[in-house]
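Taken in sequence, the protein lines are chains R and P.
Each residue of the first sequence is one higher than the one before, starting from 41 at the first, in my numbering.
Each residue of the second sequence is one higher than the one before, starting from 12 at the first, in my numbering.
Shown next, in structure tokens, is the structure this report addresses.
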Amino acid sequence: MLSWKDIPMGAIVQTPGSAKEYRTGDWRSQRPVWDLSKCIKCGLCYIYCPDASIGWKDDGYPQWDEFHCKGCGICATECWTKAINLVEETE
Amino acid sequence: MEKYGLYTPRVAPQKEYFAAGHRACVGCGEMLAVRLVCKALGKETIVINSTGCIEIVSSLFPDTSWEVPWMHTLFENSAAVASGVESAIKVMQRKGKYADGKVNVVAMGGDGATLDIGMQALSGAMERGHDFVYVCYDNEAYMNTGIQRSSATPYGAMTTTSPPGKKSIGQQTWKKDMPAIAVAHNIPYVATASPAYPFDLMEKVKKAAATKGPAYLQIFSPCPTGWRSAGEISVKLARLAVETGAFPLYEVENGKYNLTMDFEKLRPITDYMKPQGRYRHLTESDIVLIEKKLHEQVQELRDKSSR
Ligand SMILES: Cc1ncc(C[n+]2csc(CCOP(=O)(O)OP(=O)(O)O)c2C)c(N)n1
Ligand code: SF4
Ligand SMILES: [Mg+2]
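See the structure below:
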């Protein structure tokens with residue numbers, strides 16, 4: 041627990057984007073699974089992700105970020121070719 | 012996205028300035044809008060942010076999602092603080108105490124912060140002609156404090172302070188036309204945008220930032236928590252809002268209206284309302300009334316655009 045002595049004057053945060061350290065992936069109840077044979081590498085899933093949790097693999101296919109993805113499913117709804125399925129998290 | 016069919020999301024700026032790890036609800040359309048706005052603005056930006064979901068979910072001390080300088084103001088005064096920031100930069104540049112070049116000064120707030128409590132600060136800043144952008148994220152209620160009605164809440168919608176019942180339809184007033192109020196200030200750029208049309212949105216943000224003088228943007232922001240809708244359809248709802256006329260997309264450059272997205276035939280409003288719990292109580296005649304009003308509004312925008 042932080043005490044007032046640990047908090048900088050004016051509550052200034054000096055590390056940009058430090059929230060990245062926080063695992064929002066724990067909130068997930070379902071995860072996206074790609075069928076790459078259907079994926080056309082358009083990147084719609086990437087642009088519509090509210091949590092900036094989809095990036096790229098070296099071969100140009102999308103790569104999701106397990107640490108941050110909250111499993112909202114917008115990517116699966118929006119994908120043109122229905123290449124993304126939502127699968128229940130088991131643990 | 013029709014007009015921008017040539018773009019693919021791959022060519023959008025890849026750098027994120029609104030980082031993952033924010034605590035927004037699952038499927039939040041407002042944070043998607045913020046992410047896209049930040050992408051379009053880029054690095055040379057200072058954000059001044061009213062209280063509301065955006066600020067709360069992005070700045071849990073000592074964490075921050077922001078990768079540009081960001082300042083939290085009160086609920087009501089982000090436009091006033093942005094005016095100060097813009098003026099300070101101008102003076103310091105004149106005195107050689109600040110690097111030359113353009114800095115985007117951007118105030119942001121929710122619909123409650125913008126259409127209600129912060130309106131006088133915003134009106135003042137627009138009237139004084141500060142070189143800044145104001146972005147209103149419109150999720151049609153005070154969501155962060157638990158879904159209270161605002162003047163942006165549409166007619167008939169359920170909120171905790173506009174509950175439907177025997178004697179009430181829910182929200183009893185029609186949505187305030189804030190873009191028209193901004194236009195009435197004779198500012199050079201006003202636009203509405205939607206995260207369902209990301210390239211249109213980012214183009215408008217860039218235009219707003221490049222505008223000399225005040226620019227006002229109102230961005231539709233689906234809120235699954237407040238609208239009682241599923242998180243996975245947030246973008247779909249944003250698209251349906253445009254296709255049904257519930258949230259038309261247009262821009263107003265130096266007073267000249269231009270509908271940026273128009274359809275030969277608007278979709279039935281039920282396509283948009285059905286998946287949302289906040290409209291569940293509406294009767295068929297209520298819906299007919301609402302549809303008629305929305306169609307009239309779109310026609311009005313068409314007429315203004317062809318002038
Ligand atoms: C002067 C003042 N009154 C009330 C509040 C409490 N408050 C904090 S956020 C909020 C709602 C914000 O609504 P909106 O601007 O629409 O943003 P949203 O959370 O919907 O994104 C309220 C009422 C406050 N912080 N300051
Ligand atoms: S309440 Fe609505 S606007 Fe706020 S974080 Fe949740 S989904 Fe987003
Ligand atoms: Mg709101």
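The C-beta atom is built at its ideal place from N, Cα and C for all residues, glycine as well.
Since we're looking at a predicted model, the values are computed, not measured.
Does DSSP classify Val246/P as helix, strand or coil?
-> Taking the first residue of the second sequence as 1, we reach residue 246/P at position 235. Helix at Val246/P.
May I ask you to report which of helix, strand or coil DSSP gives Glu13/P?
-> Within the second sequence, the letter at position 2 stands for residue 13/P. Reliability of the predicted coordinates at Glu13/P is poor, the pLDDT of 45 falling under 50, and the value obtained from them is presented with this limitation in mind. Helix at Glu13/P.
Does DSSP put Ala116/R in a helix, in a strand, or in coil?
-> Taking the first residue of the first sequence as position 1, residue 116/R is located at position 76. Residue state, collapsed to three classes: helix.
Compare the C-beta of Gly50/R against all C-beta atoms of chain P and say whether one is closer than 8 Å.
-> For the purposes of this step, residue 50/R is taken as the residue at position 10 of the first sequence. For Gly50/R, not one C-beta of chain P is nearer than 8 Å to its own C-beta.
Less than 7 Å between the CB of Gly237/P and some heavy atom of ligand 2, yes or no?
-> In the second sequence, counting from the first residue as 1, residue 237/P sits at position 226. Yes, ligand 2 has a heavy atom inside 7 Å of this Cβ.
Looking only at C-alpha atoms, which of Lys247/P, Ala23/P, Tyr283/P and Glu87/P sits nearest to Ala395/P?
-> Residue 395/P lies beyond the range of chain P shown here (12 to 318); nothing can be said about it.
So, does the CB of Leu84/R fall closer than 8 Å to a CB anywhere in chain P?
-> As a first step, residue 84/R must be located in the first sequence, where it is residue number 44. Closer than 8 Å to the CB of Leu84/R there is at least one CB belonging to chain P.
Alpha carbon to alpha carbon, what distance is there between Arg105/P and Ile114/R?
-> For this step, residue 114/R is matched to residue 74 along the first sequence. For this step, residue 105/P is matched to residue 94 along the second sequence. Within the model, the alpha-carbon separation for Ile114/R versus Arg105/P is close to 47 Å.
I think Gly360/P touches Ser76/P, with their Cβ atoms under 8 Å apart; what is that distance to the nearest whole Å?
-> No answer is possible for residue 360/P: the residues shown for chain P start at 12 and end at 318.
Does ligand 2 have a heavy atom nearer than 7 Å to the CB of Asn60/P?
-> Taking the second sequence and counting its residues from 1, one reaches residue 60/P at position 49. Answer for Asn60/P: no, Cβ out of range of ligand 2.
From Thr117/R to Gly242/P, what distance separates their C-alpha atoms?
-> Within the first sequence, residue 117/R is the residue found at index 77, counting from 1. Within the second sequence, residue 242/P is the residue found at index 231, counting from 1. When only Cα atoms are considered, Thr117/R and Gly242/P end up about 10 Å apart.
Coarse secondary structure for Ala163/P, derived from DSSP in three states = Residue 163/P sits at position 152 when you count from the first residue of the second sequence. Of the three classes helix, strand and coil, the one that applies to Ala163/P here is coil, per DSSP.
Inter-residue spacing [alpha-carbon to alpha-carbon] between Asp105/R and Leu270/P | Residue numbering aside, residue 105/R sits at position 65 when the first sequence is read from its first letter. Residue numbering aside, residue 270/P sits at position 259 when the second sequence is read from its first letter. Spanning the two alpha carbons is a distance of roughly 37 Å.
For the beta strand (DSSP E) that Thr121/R lies in, which residues bound it at each end?
-> The sequence position of residue 121/R within the first sequence is 81, counting from 1. Note, Thr121/R: premise wrong, no beta strand (DSSP E); not H, not E.
Is any heavy atom in ligand 1 found nearer than 7 Å to the beta carbon of Ala124/P?
-> Within the second sequence, residue 124/P is the residue found at index 113, counting from 1. Indeed, a heavy atom of ligand 1 lies less than 7 Å from the Cβ.
If you draw a straight line from the alpha carbon of Lys14/P to that of Asn125/R, how long is it in whole angstroms?
-> Reading the second sequence from its first residue, position 3 is the one you call residue 14/P. Reading the first sequence from its first residue, position 85 is the one you call residue 125/R. With a pLDDT of 47 at Lys14/P, under the threshold of 50, the modelled position of that residue is not reliable, and the figure given next carries that caveat. Answer to the nearest angstrom: the Cα atoms are 29 Å apart.
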